[in-house]
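S.K.: Let me begin by handing over the structure; questions about it come next.
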Amino acid sequence: MKNNEKYTILAKITILPGFEAGVKAAAKKVWKETSKETGCEMFLYNIESGTENTIYFLEVFLSREAFDVHMNLEHTKAFLDYIKGKVVGDSSERTFLDRIEK
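Numbering (this note's numbering), first residue to last: -13 to 88.
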């Protein structure tokens, strides 16, 4: 992947019992802030059907650099700090995706 290509990530968090409301509220807050970032093309979050504790984020940034900026912004760091001890593995599981162009 070239640095100027769009950067796509699928992130999953599994919330530990008892922390659902707080983590969902924090996810909504980080979604609102991230959606305003210049380098963010798309930032969606959804709850897995049939569960109350699994959130998926689909993130598309204009470049790897834009993603790196995102990871160092205060709202992102605050979210990642907040979910420690409240989600499986203390963080999100990230899958980095390559686009298939026609």
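Ideal placement from N, C-alpha and C gives every residue a C-beta, glycine not left out.
Can you grab the Cα-Cα spacing for the pair K70 / S77, in whole Å?
M.R.: Walking along the sequence shown from the start, residue 70 turns up at place 84. Walking along the sequence shown from the start, residue 77 turns up at place 91. Going by the C-alpha atoms only, they are around 6 Å apart.
S.K.: Considering only their Cβ atoms, is the gap separating T(-6) from L83 smaller than 8 Å?
M.R.: Start at 1 with the first residue of the sequence shown, and residue 83 comes out as number 97. Start at 1 with the first residue of the sequence shown, and residue -6 comes out as number 8. Cβ distance < 8 Å, so L83 and T(-6) count as in contact.
S.K.: If H61 and C26 are in contact, beta carbons under 8 Å, what's the gap, nearest whole angstrom?
M.R.: The residue given as residue 61 occupies position 75 in the sequence shown. The residue given as residue 26 occupies position 40 in the sequence shown. Contact flag wrong, Cβ pair sits at about 12 Å.
S.K.: Does the distance from the CB of N39 to the CB of E(-9) come in under 8 Å?
M.R.: Your numbering for residue 39 matches position 53 in the sequence shown. Your numbering for residue -9 matches position 5 in the sequence shown. Going by C-beta atoms, N39 is not nearer than 8 Å to E(-9).
S.K.: So, for V73: in the same chain, excluding its five sequence neighbours on each side, which residues have a beta-carbon less than 7 Å away from its beta-carbon?
M.R.: As a position in the sequence shown, residue 73 is number 87, starting the count at 1. Cβ neighbours of V73 beyond the five flanking positions: I(-1), T0, I1, L2 and V9.
S.K.: Use the C-beta contact count for E45: other C-beta atoms within 10 angstroms, 16 or more gives buried, fewer gives exposed.
M.R.: The residue given as residue 45 occupies position 59 in the sequence shown. With 16 or more Cβ atoms within 10 Å of its Cβ, E45 is classed as buried.
S.K.: On the DSSP letters alone, give me the boundaries of the alpha helix (DSSP H) that V16 sits inside.
M.R.: In the sequence shown, counting from the first residue as 1, residue 16 sits at position 30. Segment E6 to S21, the alpha helix (DSSP H) holding V16.
S.K.: Measuring alpha carbon to alpha carbon, tell me which of K63, I86 and F53 ends up nearest V16.
M.R.: Along the sequence shown, one-based indexing puts residue 16 at 30. Considering only alpha carbons, the answer is K63.
S.K.: Would you mind sorting T81 into buried or exposed? The rule is 16 or more other CB atoms within 10 Å of its CB.
M.R.: The residue you call residue 81 lines up with position 95 of the sequence shown. Result: exposed.
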